[in-house]
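> If you read the sequences in order, they're chains Z and C.
According to the working numbering, the first sequence holds residues 46 to 368 in order.
According to the working numbering, the second sequence holds residues 61 to 400 in order.
Every residue gets a Cβ at the ideal spot worked out from N, C-alpha and C, and that includes glycine.
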Amino acid sequence: MTTWLAQRLVQSVFVVLVMTAIVFVGVNVIGDPVSILISPDANQQERARIVAEFGLDQPLWSQYLSFLKGTLQGNFGNSFVYGMPALQVILSRMPATMELAIAAILLSVLIGVPLGLYAGLRPHSFFAKFMMAGSILGFSVPLFWLALILIMFFSVYLGWLPASGRGQTVDFLGIGWSFFTWDGLSHLCLPVLTLSIFKISLIMRMVRAGVREVLPQEYIKFARAKGLSRQRLLYVHVLKNIMIPVVTIIGLEFGSLIAFSVVTESIFSWPGMGKLIIDSINVLDRPMIVAYLMIIVFIFVTINLIVDILYTTLDPRVRLSRD
Amino acid sequence: MNGFASDPKTMHSSSRALLDVRGLKVKFKTNRGEGTAINDVSFTLRRGEVLGLVGESGSGKSVTGMSLMGLIENPGRICGGQILFDGIDLAKLSDLEMERLRGKRIAMIFQDPMMTLNPVLRISTQMIETVRAHDDVTLVEARRRARDALGQVGIPRPEERLDAYPHEFSGGMRQRVAIAIALLHKPDLIIADEPTTALDVTIQAQILSEVQKLTSEYGTALIWITHDLSIVCGLADNVAVMYGGQIVEYGPVAEVIRSPRHRYTDGLLNSVPSRNRRGDRLRQISGFAPSIFSMPQGCAFRPRCSFADDACHQTPPLATHGNHAHRCWHPISSREGLGS
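1. Pop quiz: L105 of chain Z and N73 of chain Z are said to be a contact at Cβ under 8 Å. What is the actual Cβ separation, rounded to whole angstroms?
2. Got a sec: which bits of the region 250-275 of chain Z sit with their beta carbon under 7 Å from any beta carbon on chain B, in order along the chain?
3. Write down the C-beta distance between A141 of chain Z and I303 of chain Z rounded to the nearest angstrom, noting that I regard them as a contact closer than 8 Å.
4. Among C:I188, C:V110 and C:A193, whose alpha-carbon lies nearest the alpha-carbon of L161 of chain C?
5. Looking at the strands, I want to know which residues DSSP matches up with K87 of chain C.
6. Quick check on K164 of chain C - is its C-beta less than 8 Å from some C-beta in chain Z?
7. Cβ closer than 7 Å: which chain Z residues qualify as neighbours of T176 of chain C?
8. Comparing C-alpha positions only, which one of Z:S185, Z:F172, Z:L233 and Z:R53 sits nearest to F199 of chain Z?
9. Can you tell me whether DSSP reads N349 of chain Z as helix, strand or coil?
10. Would you mind reading off the limits of the alpha helix (DSSP H) that contains T65 of chain Z?
11. If you compare alpha carbons, which of Z:V307, Z:R53, Z:W190 and Z:E263 is closest to M126 of chain C?
12. Compare the C-beta of L282 of chain C against all C-beta atoms of chain Z and say whether one is closer than 8 Å.
13. Mind reading off the beta-carbon distance from P218 of chain C to R165 of chain C? Whole number of angstroms is fine, and I expect it under 8 Å.
14. Determine the DSSP secondary structure at L344 of chain C, reduced to helix, strand or coil.
15. Flag I326 of chain Z as yes if its beta-carbon sits less than 8 Å from any beta-carbon of chain C, otherwise no.
16. Since T325 of chain C is in the alpha helix (DSSP H), which residue starts that stretch and which ends it?
17. What is the rounded straight-line gap between the Cα of S351 of chain C and the Cα of G118 of chain C?
18. Looking at C-alpha atoms only, which residue of C:C359, C:Q357, C:Y324 and C:P179 is the closest neighbour of A343 of chain C?
19. Would you verify that the beta carbon of R277 of chain Z is, or is not, closer than 8 Å to some beta carbon of chain C?
20. Can you tell which of Z:S170, Z:I150 and Z:K244 has the C-alpha that lies nearest to the C-alpha of V186 of chain Z?
21. Can you name the start and end residues of the alpha helix (DSSP H) that E159 of chain C belongs to?
22. In its own chain, which residues sit with a C-beta less than 8 Å from the C-beta of C365 of chain C, not counting the 5 before and 5 after it?
23. Measuring only the C-alpha atoms, how far is K89 of chain C from F361 of chain C?
24. What residue does the beta strand (DSSP E) around P312 of chain C start on, and which one ends it?
25. Please determine if the region 267-275 of chain C and the region 296-303 of chain C are in contact, where contact requires at least 3 C-beta pairs separated by less than 8 Å.
26. Distance check for L131 of chain C and R269 of chain Z, CA to CA, integer angstroms please.
27. By Cβ distance, which residues of its chain are closer than 6 Å to E315 of chain C, with the 5 residues on each side in sequence left out?
28. Would you list, in sequence order, the uninterrupted alpha helix (DSSP H) runs of no fewer than 4 residues that lie entirely inside the region 240-306 of chain C?
29. May I ask you to list, following chain order, the residues of the region 200-233 of chain C that have a beta carbon less than 7 Å from some beta carbon of chain Z?
30. Look at D330 of chain Z and F121 of chain Z and say whether their C-beta atoms are less than 8 Å apart.
31. Taking Cβ to Cβ, would you say L144 of chain C is nearer than 8 Å to D80 of chain C?
32. Rounded to the nearest angstrom, how far is the Cβ of R138 of chain Z from that of M318 of chain Z, given a contact under 8 Å?
33. Return no unless some Cβ of chain C is closer than 8 Å to the Cβ of P361 of chain Z.
34. Just the C-alpha distance for M158 of chain C and H245 of chain C, rounded to the nearest angstrom, thanks.
35. Excluding five sequence neighbours on each side, which residues of the same chain lie with their C-beta closer than 7 Å to the C-beta of V259 of chain Z?
36. What is the DSSP secondary structure of R250 of chain Z, counted as helix, strand or coil?
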């Protein structure tokens, strides 16, 4: 287990390293920040001075090396726009996004798993068929459209829920959270619902398929023959067997929630990382883009590592094949 | 624990049948139509008795076993007959009552030991949960019982092996674990559904003798479902040959083997290669077992039987001679039987 973990960590570091190169080169290709940073009527000397100040006159590999050096020290450079360390700006927006992502993934699991279990156990019931048909809709509806419809219905027509912003936040561990106030919770409702619909559908279908696959297995019959209760059968024997694909999906979806809830955050004016990155891309704020992408890479690598560790606890056969 | 019966071993005399199945009928309703998987199956089993239930796949032998366990699932259902187990009709019990009985007084062992244990749970988990499903004991006590049961079925170092996962065992060892689980509550009846079919011959013999030893030790009655008559020969007291959802021949093993009455039993016996002389062509029963959705009218074996005539369009009644019964219009006479 420990050697496996060490191997896996080395692998992760390598992935991050490769990503730094790709990200750095990619961002250099998409545009020259100089034209945005410097006013058009600046003269040649002024221009050269600023280019030198940001180190943009150096060759690409030397820029990359100095960027890598900074990265290792947790320094992605200062944001061109905010004039503050890019990492700091992003991290200050992170709690809002994390809050949204955690709430959305929790909701998806809490609703998706029971629905999937039900649909798997009683595939011919009306409710199960109805939910399965509904889940196709949940897959297909575009996020932005769903968000707008939800706003129109709950905020404009019914007037029950606020349409934008985070509402009142409470400081906890030095960070503001919407979780702890009614106002904050009511602001969470619509964006979380928007983000969850797709994931509920996905998890529900996966759980259903898993249950349908596991139920006819001999070991389930044998477990029944032992006289186990229905609950024990379902929550221990069935659920543990279907968790591997479900955990994989939850991990991936959680990562993408953090990284790509851009559209939802924009529509609901949620002050998270997604909205920040869109703004930064618009003004070609290079350090911000790079720092953001690196954080996302880091989060994805970490989540995958956690998922892999979960595999070994969920299915003992995985451990053997890796050793 | 069981609300409806205390220890039967002291309550009833041993002469009374432990299991008395009468006219059992199981149907499956699918979109291909309704099929009768078991039709009018009756047999009895005394305490400690071993019954071999023999037949081809699709003959209804496994369905018979499953219906005794109350494990017939949709679209199948028991739609006639009685399963009197120690005086209680199992066919009438509620799900919860059946749940309390399963694993406690009737246990089952399945065919493929690679598939019967849950791959993601430790052996200890799967054994302890069985103990605690029926007896209100502490974890420590349940674990002790599980360890003892493993030791009894001949698993070396049971204390260590208890915490292993199923994939860390060989097929034969897994079947031993399954048998240990079945024996945990010292049931009155064990239904073994082809438990040695998937195993090597040497392991098969080990498992057979192990089961034989343990059941006679505890006085456990045993229903051994198999397609292999040679296994039944050495193991069972009585044998029931099933075909097309019916018992076509039933009687003491020695007698059925020596002088089979039903043409199908005779065919089965002749299909055992070791009974042939070297150089002889292997004999076979031509054709296939009928599907439950297209059962021939009358005797189900009619289309494959060279002795069939018009009379066979009527379902033959169960004709009994002493303790040997058969369902055939043209049974093999004892003299003819000797010759075959």
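Walking through what the data contain:
1. Right, their Cβ atoms sit about 6 Å apart.
2. Absent from the structure is chain B; the protein chains it does hold are Z and C.
3. The Cβ separation is near 11 Å, so there is no contact.
4. C:A193
5. DSSP output for K87 of chain C lists C:T96 and C:R137 as bridge partner(s).
6. yes
7. E263, Y264 and F267
8. When each option's Cα is compared against that of F199 of chain Z, the closest is Z:L233.
9. helix
10. T47 to I75
11. Z:E263
12. By the rule that beta-carbons nearer than 8 Å mark a contact, L282 of chain C does not touch chain Z.
13. Not a contact, Cβ separation roughly 25 Å.
14. In the sequence under discussion, the amino acid at residue 344 of chain C is Gln, which differs from the Leu named in the question. If DSSP states are grouped into helix, strand and coil, Q344 of chain C belongs with coil.
15. False, the Cβ-Cβ gap to chain C never drops below 8 Å.
16. R323 to S331
17. 7 Å
18. Note that residue 343 of chain C is Arg in the sequence shown, not Ala. Residue C:Y324 is the option with its Cα nearest to R343 of chain C.
19. yes
20. Proximity to V186 of chain Z across Z:S170, Z:I150 and Z:K244 peaks at Z:K244, based on C-alpha coordinates.
21. Looking at the DSSP string, the run of the alpha helix (DSSP H) that includes E159 of chain C is D155 to L161.
22. R323, Y324, C359 and C372
23. 23 Å
24. Q306 to P312
25. Below 8 Å, too few C-beta pairs join the region 267-275 of chain C and the region 296-303 of chain C to call them touching: fewer than three.
26. 8 Å
27. H384
28. 261-278 and 289-295
29. Y225 and H227
30. no
31. yes
32. 5 Å
33. yes
34. So the two alpha carbons sit approximately 15 Å from each other.
35. I265, V283, N286 and I287
36. helix
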